[in-house]
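Here is the structure we will look at.
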Amino acid sequence: MRRTAPLLASLGLAAAALLSTAVPAGAHSPAPRAHCPRLSEKLPWYGHNRAALQRVVDERGTCAHPALASEHYEGPRPVAAFDWDNTISKNDITDATIAWSLRHDKILRPRDWKDTSAWLTDEAAAALTQACGTDVPVGAPLPTSRRTACADEIFEIRSAARTMSGAEAFAGTWNHRRTVPEYAWVPQLFAGHTPAELTDYTRRARAEALAAPVGATQRVGTHTLPGYVRYYAQQRDLVRTLQRAGFDVYIVSAGSEPVTEVWSAGIGIDKKHTIAIRSLLDRRGRITTVNEGCGGEPASKGADIPYIDGKRCWINQEIFGVKGPRAWQRQDFAHRIAIGGGDADTDVTFVGDATGAHLVLNRNKSEIMCRAYDNEDGRWLVNPMFIEPLPRKKDAYPCATTARTEEDGSHGPARRDDGSVIPDQRDSAFGGA
1065 MRRTAPLLAS
1075 LGLAAAALLS
1085 TAVPAGAHSP
1095 APRAHCPRLS
1105 EKLPWYGHNR
1115 AALQRVVDER
1125 GTCAHPALAS
1135 EHYEGPRPVA
1145 AFDWDNTISK
1155 NDITDATIAW
1165 SLRHDKILRP
1175 RDWKDTSAWL
1185 TDEAAAALTQ
1195 ACGTDVPVGA
1205 PLPTSRRTAC
1215 ADEIFEIRSA
1225 ARTMSGAEAF
1235 AGTWNHRRTV
1245 PEYAWVPQLF
1255 AGHTPAELTD
1265 YTRRARAEAL
1275 AAPVGATQRV
1285 GTHTLPGYVR
1295 YYAQQRDLVR
1305 TLQRAGFDVY
1315 IVSAGSEPVT
1325 EVWSAGIGID
1335 KKHTIAIRSL
1345 LDRRGRITTV
1355 NEGCGGEPAS
1365 KGADIPYIDG
1375 KRCWINQEIF
1385 GVKGPRAWQR
1395 QDFAHRIAIG
1405 GGDADTDVTF
1415 VGDATGAHLV
1425 LNRNKSEIMC
1435 RAYDNEDGRW
1445 LVNPMFIEPL
1455 PRKKDAYPCA
1465 TTARTEEDGS
1475 HGPARRDDGS
1485 VIPDQRDSAF
1495 GGA
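For the sequence shown, the residue numbers in the numbering used here are 1065 to 1497.
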């Protein structure tokens, strides 16, 4: 689970400028050549999104810089980074793994539910204790497959941050642009397991989710949730095209790292290029409730996960080798991604850092859609979800008032990079009626 962050090779000024120059508005792609990998024209994209992405691939990759194709090339490569859930795949792979684990009694009873999170409330701990019982030994599997109330409490807290009775499940102080307790709680639920065991559970859940037909649902306790997951064909093609064009392609997810690694391998992205929540291991090699920190912050129970501004920090630290508090800041062009892709407000910071294209799948999430539709630099690309796209949002996005989540959890206006407030935006890239 722990590994040393890869350091970007030292950048010469000429190479840095060449690979990091912004794509001029209206620029045309170079004529196709043998070393100019092309996105499939058989896979539909919304509007001109394929052409815009192809232009960045051509101008940053092997088409304009053939040296990137050499197996002996050791210089800096253009970087693309993508969120996972509902960006590369349709539906949530964390939910798929948790659902499978609850149906197969894979959650181990903690000594005290309060140990699993720094922010779990007394009410939530009491609800979990009552629903899951104390009749199995500490460290033994909870019978969630037949104890519906236990499965319900766990899934409700994970998905809605509240108990089945409606009480708040988390309380206290945290930076709302660096973490969210219910996300950080997921790898903590698997404390006591080895990474290999969690990998195995994920592989089994993945097989079920890929085999289920599109539109299938499943039950977890009394909850109904999607029962299928699909790799988006367009995103698989984009990743492969980028890799052929000499890009380093990364996944940056707010899920558990072993879970994300199983799925990212399915599109040819290895563990070295997969960044997610990293749990510390105990002396027996088992997952603990403590996660690695970022940007000079210490290990904690989830204070600094790849979430909103945390995704920028992890990208800067792990990909570009930026250490300490500087990792929380936007870097110069030579130390920023060329293409970023996401679907939710959790992705808005790192997607906004991209210098070539900001790809957003429309799930009606306010802050990222405000940034995307405002299109400050002319490089934001909005695409409806490729499977079961949402219909048009009836009301405008509240960009000028409450679209942005602040560090203290309050909500304020979404802002451009120059600090100006974004006016409310109407939904214009959607799939349904």
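Ideal Cβ placement from N, Cα and C applies to all residues, glycine included.
Give me whichever residues DSSP pairs with residue i in a beta bridge.
i: Glu1232; result: Arg1226
i: Leu1107; result: Beta-bridge pairing links Leu1107 to no other residue.
i: Ser1343; result: Asn1355
i: Leu1172; result: Pro1205
i: Phe1146; result: Ile1315 and Gly1405
i: His1422; result: Gly1404 and Trp1444
i: Leu1184; result: Phe1234
i: Gln1282; result: Leu1289
i: Arg1485; result: The sequence given here has Val at residue 1485, not Arg. Answer by DSSP bridge pairing, in chain order: Arg1479.
i: Ala1294; result: The residue asked about is misnamed: residue 1294 is Arg in this sequence, not Ala. Lys1154, per the DSSP bridge assignment.
So which of the options has the shortest CA-CA distance to residue i?
i: Trp1109; options: Thr1208, Val1424, Ile1221 and Asp1417; result: Val1424
i: Thr1161; options: Arg1270, Val1244, Gly1111 and His1136; result: Arg1270
i: Ala1309; options: Trp1327, Phe1494 and Thr1126; result: Thr1126
i: Val1120; options: Thr1258, Cys1100 and Val1250; result: Cys1100
i: Thr1243; options: Asn1380, Asp1409 and Val1485; result: Asp1409
i: Asp1482; options: Gly1416, Ser1209 and Arg1348; result: Gly1416
i: Gly1197; options: Ile1401, Cys1214 and Glu1105; result: Cys1214
i: Arg1102; options: Leu1306, Thr1324 and Gly1230; result: Leu1306
i: Phe1384; options: Thr1266, Lys1106 and Gly1139; result: Gly1139
i: Thr1324; options: Ala1280, Tyr1265 and Leu1345; result: Tyr1265
i: Arg1173; options: Ala1204, Gly1236, Arg1350 and Asn1355; result: Ala1204
i: Ala1276; options: Ala1260, Trp1444, Pro1389 and Val1293; result: Val1293
i: Thr1469; options: Tyr1437, Lys1429 and Phe1494; result: Lys1429
i: Leu1289; options: Gly1279, Tyr1295 and Tyr1296; result: Gly1279
Less than 7 Å separating the beta-carbons of residue i and residue j?
i: Pro1477; j: Ala1460; result: no
i: Thr1338; j: Arg1376; result: no
i: Thr1419; j: Phe1397; result: yes
i: Ala1391; j: Gly1359; result: yes
i: Asp1373; j: Arg1241; result: yes
i: Ala1188; j: Ala1248; result: no
i: Val1202; j: Asp1312; result: no
i: Glu1217; j: Ala1182; result: no
i: Ser1104; j: Asp1301; result: yes
i: Ala1467; j: Glu1431; result: yes
i: Glu1321; j: Arg1342; result: yes
i: Gln1282; j: Thr1180; result: no
i: Arg1456; j: Asp1491; result: yes
i: His1287; j: Phe1219; result: yes
i: Thr1263; j: Val1326; result: yes
i: Leu1037; j: Gln1298; result: It is not possible to answer for residue 1037, since the shown part of the chain is limited to 1065 through 1497.
Quick one: grab the DSSP three-state call for residue i.
i: Ala1160; result: helix
i: Gly1495; result: coil
i: Pro1277; result: coil
i: Arg1490; result: coil
i: Phe1397; result: helix
i: Lys1457; result: coil
i: Ser1474; result: coil
i: Arg1267; result: helix
i: Ile1338; result: Note that residue 1338 corresponds to Thr in the displayed sequence, not to Ile. Note: Thr1338 maps to strand in three-state DSSP.
i: Lys1154; result: strand
i: Thr1469; result: strand
i: Val1200; result: coil
i: Ser1364; result: strand
i: Arg1211; result: coil
i: Ser1074; result: Confidence at Ser1074 is low in this model, with a pLDDT of 30, below 50, so the placement of that residue should be treated as unreliable; the coordinate-derived value is given next. The answer is coil: DSSP assigns Ser1074 none of H, G, I, E or B.
i: Glu1220; result: helix
i: Thr1193; result: helix
i: Pro1370; result: coil
i: Arg1350; result: coil
In the DSSP assignment, the alpha helix (DSSP H) including residue i goes from what residue to what residue?
i: Trp1444; result: Note, Trp1444: premise wrong, no alpha helix (DSSP H); beta strand (DSSP E) at Trp1444 to Pro1448.
i: Asn1380; result: Asp1373 to Glu1382
i: Pro1017; result: The first residue shown for the chain is 1065 and the last is 1497, placing residue 1017 beyond what the model contains.
i: Ala1297; result: Ala1297 to Arg1308
i: Thr1288; result: Unbroken run through Thr1288 is the beta strand (DSSP E), His1287 to Pro1290; no alpha helix (DSSP H).
i: Glu1138; result: Per DSSP, Glu1138 belongs to no alpha helix (DSSP H) and is neither H nor E.
i: Thr1413; result: Val1412 to Asp1417
i: Arg1119; result: Asn1113 to Arg1124
i: Glu1431; result: Ser1430 to Asp1438
First and last residue of the beta strand (DSSP E) that includes residue i?
i: Ala1318; result: Asp1312 to Ser1320
i: Gly1404; result: Ile1403 to Gly1406
Residue i CB to nearest chain C CB: under 7 Å?
i: Arg1173; result: Absent from the structure: chain C. Only one protein chain is present.
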